[in-house]
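Inspection log for the structure reproduced underneath, given as structure tokens.
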Amino acid sequence: MLFLVKPLKSNMDLNEMYYVKSKHLKKFKHGFFSRLNGVSTGSYTSLNCGYSSLDKRDNIDRNRKIISETLGFNADSLIVPNQYHSNKILITDNLSNKFKCDGLINFYSNIALGVLTADCCPILVADKKNIFTGCMHVGWKGLYNQIIENFILEIEKMNLKKENIIFAIGPCISKKSYQVSEDFRENFISKEQQSINYFYFNKSNNNLYFNIKGLIKKKLNLLGFKNIWTSKLDTYTNNDRFFSYRYSCHNNIKDYGRMLSVIVKK
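Residues in the sequence shown are numbered consecutively from 129, following the working numbering.
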């Protein structure tokens with residue numbers, strides 16, 4: 129579901145902002161933000177939050193500030209890792225903002241965790257008792273190299289009840305848009321037999337597709353987690369609302385923006 133929100137400040141030439149919320153995380157400040165109603169222009173129009181893009185840094189700073197004002201947290205408390213499609217999970221210990229990983233776990237109150245995506249799956253995590261919050265950036269490389277399992281290994285050290293842990297998977301590329309090769313499929317299946325059920329062949333166009341969201345949810349289920357929410361929005365086909373790496377490549381767009389997904393620990 130897309131929520132219409134008026135920013136707290138109107139001096140940025142903004143009238144409205146859209147972001148996606150999970151009903152499972154309603155007790156937490158959070159949002160899977162779209163590309164809409166920021167200040168960036170061109171291929172970064174308009175809520176680009178990725179410093180690794182070629183967008184102006186000032187625009188990105190302003191866009192992140194818009195998000196912090198919308199959710200109501202201190203912009204200086206936002207931690208966004210330096211993502212590199214890894215399976216690495218880190219525990220926050222300060223606000224250095226220099227975490228090189230694709231998953232974070234936080235125990236400190238009033239700290240905001242964020243991940244950047246443009247087709248990959250943003251996952252926000254929380255414990256109902258407010259013991260921790262977490263986030264993950266999950267693409268096929270991280271999934272293949274067991275980032276989900278690594279995240280679970282970290283939270284299992286806390287001896288928490290699995291029924292109290294919430295996973296919310298935000299907008300990402302859907303199975304109808306995620307075309308892959310037969311070699312890609314075979315490599316996945318050779319490492320993880322269960323993944324065979326998350327590839328399907330479209331007879332109408334003779335192409336093979338991958339259901340990354342479905343496989344993530346299956347992995348979490350097998351690990352004993354049932355409290356999972358999944359957005360049905362496809363970043364590729366809704367490229368007017370979301371940044372999409374694959375859409376940019378298919379349309380010879382030189383660079384692309386990144387969406388920011390955020391969760392704040394109470």
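Note that the Cβ used here is the ideal one computed from N, Cα and C, for glycine as well.
Taking the alpha carbon of residue i as the point to measure from, which residue in the options has its own alpha carbon closest?
{"i": "Asp204", "options": "Glu320, Lys216, Asn238", "result": "Asn238"}
{"i": "Phe156", "options": "Lys257, Leu244, Leu232", "result": "Lys257"}
{"i": "Ser389", "options": "Met286, Lys319, Ala296", "result": "Ala296"}
{"i": "Ile194", "options": "Asn165, Ser171, Lys216", "result": "Asn165"}
{"i": "Ile259", "options": "Ile294, Gly242, Lys228", "result": "Ile294"}
{"i": "His213", "options": "Ser181, Gly242, Ile275, His152", "result": "Ile275"}
Give a yes or no on whether the C-beta atoms belonging to residue i and residue j are separated by under 8 Å.
{"i": "Thr399", "j": "Asp230", "result": "The first residue shown for the chain is 129 and the last is 394, placing residue 399 beyond what the model contains."}
{"i": "Gln175", "j": "Arg163", "result": "The residue you asked about is not Gln; residue 175 is Leu in the sequence shown. Closer than 8 Å, so yes."}
{"i": "Leu336", "j": "Ser309", "result": "yes"}
{"i": "Gly385", "j": "Ser168", "result": "yes"}
{"i": "Gly298", "j": "Val148", "result": "yes"}
{"i": "Asn273", "j": "Ile217", "result": "no"}
{"i": "Thr245", "j": "Ala254", "result": "no"}
{"i": "Leu252", "j": "Ile340", "result": "no"}
Does DSSP classify residue i as helix, strand or coil?
{"i": "Tyr147", "result": "strand"}
{"i": "His378", "result": "helix"}
{"i": "Phe156", "result": "coil"}
{"i": "Asp189", "result": "helix"}
{"i": "Leu136", "result": "In this prediction, Leu136 has a pLDDT of 31, which is less than 50 and means its spatial position is unreliable; what the coordinates show is noted afterwards. Of the three classes helix, strand and coil, the one that applies to Leu136 here is coil, per DSSP."}
{"i": "Gln307", "result": "strand"}
{"i": "Tyr179", "result": "coil"}
{"i": "Tyr212", "result": "coil"}
{"i": "Leu199", "result": "helix"}
(request) Check whether the region 336-352 touches the region 196-216, counting contact only when three or more Cβ pairs, one atom from each stretch, lie closer than 8 Å. (result) Fewer than three beta-carbon pairs drawn from the region 336-352 and the region 196-216 are found closer than 8 Å, and the two stretches are therefore not classed as touching.
(message) Whether or not the region 300-309 and the region 255-265 are in contact is what I'm after, with contact meaning three or more pairs of Cβ atoms, one per stretch, closer than 8 Å; do they touch?
(response) With a cut-off of 8 Å, the region 300-309 and the region 255-265 do not count as touching, because too few Cβ pairs lie within range.
(request) Report yes or no: do three or more beta-carbon pairs, one from the region 312-330 and one from the region 283-297, lie closer than 8 Å? (result) No: the two stretches stay apart, fewer than three of their Cβ pairs being nearer than 8 Å.
(request) With a floor of 4 residues, list each alpha helix (DSSP H) that falls wholly inside the region 332-372, ordered by position along the chain. (result) Counting only runs of 4 or more, we get 340-350.
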